[in-house]
Amino acid sequence: MHSYLKERTGVFPSVCSLDCPDQCGLLLHKVDGKIVKIEGDPNHPVTRGAICNKVRNMGERIYDPKRLRYPLKRTGRKGEGSFERISWEEVIGTITSRWKRLIAEHGSESIMPYSFYGNMGRLGTEGMDRRFFHRLGATRLDYTICQMAGEVGYRYTMGGGYGFDPEDSVHSKLIIMWGINAVSTNMHQVVLAEQARKNGAKIVVIDVHNNRTGRWADWFIPIVPGTDAALALGMMHVLFAEGLVNEPFLQQYTVGHEELREHVRSYDPSTVSAITGVPVEDIIRLARMYGETGPSFIRIGNGPQHHDNGGMCIRTISCLPALTGAWLCKGGGAIKSNGAYLEHNSKALQRPDLLERPTRRVNMNLLGSALLELDPPIRSMYVYNSNPAVVAPHANKVRQGLEREDLFTVVHDLFMTETALYADIVLPATSSFENTDFYRSYWHHYVQIQQPVIEPYEESKSNVEVFRLLAEAMGFEDQALRDTEEDMIRQALDHPNNPVLEGMTYEELAEKQFLKGKVRPLLSGRLKTLSGKIELYSKTMERNGLPPLPTYVPLPEEGDLPFLFVPAPNHNFLNSTFSNNDKHVRMEKKPLLHMNARDASTLGIADGDAVRVWNERGECQLTAAVGEDVLPGVVVSQGLWADSPVGGKALVNALTPDRVADMGGGATFFSGRVRVAKQG
Ligand SMILES: Nc1nc2c(c(=O)[nH]1)N[C@H]1C(S)=C(S)[C@@H](COP(=O)(O)OP(=O)(O)OC[C@H]3O[C@@H](n4cnc5c(=O)[nH]c(N)nc54)[C@H](O)[C@@H]3O)O[C@H]1N2
Ligand SMILES: Nc1nc2c(c(=O)[nH]1)N[C@H]1C(S)=C(S)[C@@H](COP(=O)(O)OP(=O)(O)OC[C@H]3O[C@@H](n4cnc5c(=O)[nH]c(N)nc54)[C@H](O)[C@@H]3O)O[C@H]1N2
Ligand code: SF4
Ligand SMILES: [Mo]
């Protein structure tokens, strides 16, 4: 195959590797072997030449002088940051001889991987890595930190991660952005919605923070955090009461509509208004608008699910389109995740058969407890594609775990992250532009390929390559641990159970760069629910000990702490990625705490004041942004800032709870409570 590496200068196709639904097609401009410009691929049907500012400035990160160049081993105390250079040969030997000893003395479950989607390439995040840890017999990680509660909740209603093709949203006439900061986190959905708006669509945003997305809306509805299920039930109440439901659709495509009709009688607008803070007349207006406008589209975000009741909240919202029958029109229905459509052959890619016997599992949201309390203990952790010291909840507990002298920690990353500071061994990672991998979006319907455009930076290596080296040094002889990237892409695409990928080949992907899945309309066949229909009443939930009908469950109290704290993502970082790149930090300026003017005045806080935010888990220092962007009793921060001199003490996860959500072991980042005071 043609290699882009041979040409020192030119324009080359690529794909954005970040954990973002848009998964843009990119064009990399290379001069003398170095990337000098990054732009959106004008031929990619969703990207259409436009990309976000973060990635237009990705060059600053790829060539950041702080990037790791060679393997390092720790020389000082954990967390102190003293390391010395060692060779790849030595480092692979050090890791594997330590692991062999641990396995002999304590068994293979004393070793645990910790990873997420710092790079969405499937070979490096759920390919060679999984094969290796399966063969090793390591403790397994449950990947719960992002969308899990909502994924499970949505699945109860719809049978899986199936919405509609976002390209069809240009036909929508009502678009509800529900708990999604799309201007920052899904910009091409905003572009498509703008097109719909030109054709007369109205845009409603339901959020706890009037951020960039709220300001872009035709109608912004502020809501008390964690109460969205009540609002959705209130809408259902009005829809049924006013005859705005689609009876033939309910008959043909759903189960449980009679039970639901009865059930929502108690969620009258005044009851719901008292819970949600949304005025009675707005609940009625929203429900009527939803019942009378078609096609209607609900883009369900990740915000509402990062609560203790997050699974049920998404389960509830996802019932709404079935009441109006919105699913039958182009541009009607909902999108939470479309991840299930492009499902590749994950068995072939991950090879769970290499695991000799089932090993224990650790919920990644409980990392602190896992490191401090698990018995028998985790004695070694291998971190890649993730920065748990910053992104995981209850950060002080995580840090305490990372400080354990007897924990042998390896971190593979592009940078000396906050987590890497606690490592015994740090390995330099290539950027996605240096690798071969394949990508599939969880929002649009395209599969894409990355072929290396630039040479590996200094001594850095890809995840796949490092796991091949580790396997060899461990003496694992399985062919699966020696496969090439090309072999693995072929294995993943060969998935007879998924007709959406039918006919998609490695050759075609390599030639065309992106291919659209053959997606059929959602309701043209049986759904993957128990009944095959949309389940407004779910027997599966009943069996799992959950209320079978959509239900509002209040968030738990946390003593008498006065504020609900919502530490959401920001515009210029991607989780903690970019929080260490000067350009992106400058664009984002500083970590703020948005609070209501009424609360601020009670506490004697003025806009721009330094404030202390704390609870029994930890403390942060942020800058107050006072106004009407959040409701009284709510405070919102944006971005996973490092605890750097620039960010100050801005590690917001020091405050977040490590309780798990009602479904899927999901995270509860947005359900914590705090006190706030002016910095004295
Ligand atoms: N720029 C940028 N883009 C990103 C990311 C990033 O960090 N920065 N992260 C990426 C990742 S991994 C993900 S998962 C997605 C996440 O992107 P989104 O789906 O947009 O989710 P969040 O940004 O977590 O939260 C969305 C909104 O929910 C609001 N919210 C919080 N609690 C509630 C609630 O109870 N009810 C309602 N109605 N709203 C609530 C927040 O104020 C926020 O505006 O974005 C991806 N894209
Ligand atoms: N308070 C709060 N906490 C949150 C969230 C929130 O909204 N609020 N959001 C949560 C969500 S939705 C998510 S998805 C998680 C995300 O958590 P993480 O997945 O940990 O995300 P990042 O912070 O972006 O860290 C990714 C790391 O992977 C590294 N990396 C990138 N490419 C590669 C590669 O090819 N190989 C290797 N070895 N490393 C690579 C990057 O340099 C970076 O350090 O954070 C969660 N944490
Ligand atoms: S972060 Fe998202 S919007 Fe930005 S280039 Fe990547 S996929 Fe596109
Ligand atoms: Mo995420």
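Just so we're aligned, residue 70 is where the sequence shown starts under the working numbering, counting upward by one.
Where a beta carbon is used, it is the ideal one built from N, C-alpha and C, also for glycine.
Span separating the alpha-carbon of residue i from that of residue j
i	j	result
G269	F366	14 Å
G708	W285	20 Å
E472	R117	47 Å
L302	Y225	17 Å
G687	A723	5 Å
P294	I164	45 Å
G370	D297	12 Å
D506	L550	16 Å
V715	F477	Confidence is the limiting factor: at V715 the pLDDT is only 48, short of 50, which leaves the residue's position unreliable, though a coordinate-based value still follows. Each residue's alpha carbon lies about 30 Å from the other.
Y322	A391	8 Å
H413	G572	13 Å
T208	R77	44 Å
I353	M304	7 Å
R742	L436	21 Å
N434	M381	19 Å
V100	G79	7 Å
E418	G402	Correcting the residue type first, residue 418 is Leu in the shown sequence and not Glu. Near 32 Å, if we compare the C-alpha coordinates of G402 and L418.
S166	W157	14 Å
E657	L691	14 Å
V729	A736	5 Å
L483	V452	12 Å
E149	L141	14 Å
L95	S238	23 Å
V259	D475	49 Å
Helix, strand or coil at residue i [DSSP, three-state]
i	result
Y491	helix
V715	With a pLDDT of only 48 at V715, under the threshold of 50, the placement of this residue in the model should not be trusted; the figure read from the coordinates follows. Three-state result, V715: coil.
A746	strand
D351	helix
N407	coil
E627	coil
T754	Look at the range of the chain in this structure, 70 to 749, and you will see that residue 754 is not part of it.
W710	coil
S72	coil
Y131	One detail in the question is off: residue 131 reads as Ile in this sequence, not Tyr. Three-state DSSP puts I131 in a helix.
F545	coil
S449	strand
G222	helix
D727	coil
E534	helix
Ligand 4 heavy atom lying under 7 Å from the CB of residue i
i	result
D651	no
C121	no
D91	no
C215	yes
N371	yes
The alpha helix (DSSP H) enclosing residue i, as first and last residue numbers
i	result
G437	436–442
R281	281–285
F185	Looking at the DSSP string, F185 is not in any alpha helix (DSSP H), and its letter there is neither H nor E.
N122	122–125
A693	Segment 687–696 is the beta strand (DSSP E) holding A693; no alpha helix (DSSP H) there.
D556	554–562
P317	316–322
P457	457–460
D297	297–310
E385	What sits at residue 385 in the sequence shown is Thr, not Glu. 379–386 is the span of the alpha helix (DSSP H), which, as asked, contains T385.
M610	608–612
V479	Segment 477–482 is the beta strand (DSSP E) holding V479; no alpha helix (DSSP H) there.
K267	256–267
Residue i CB to nearest heavy atom of ligand 1 below 7 Å
i	result
A492	no
N644	yes
V654	no
P638	yes
T254	yes
N280	yes
Contact test: residue i Cβ vs ligand 2 heavy atom, cutoff 7 Å
i	result
D422	no
V459	yes
The beta strand (DSSP E) enclosing residue i, as first and last residue numbers
i	result
E524	Here E524 belongs to no beta strand (DSSP E), and DSSP marks it neither H nor E.
L96	94–100
Closer than 7 Å: residue i CB and nearest ligand 3 heavy atom
i	result
L87	yes
V124	yes
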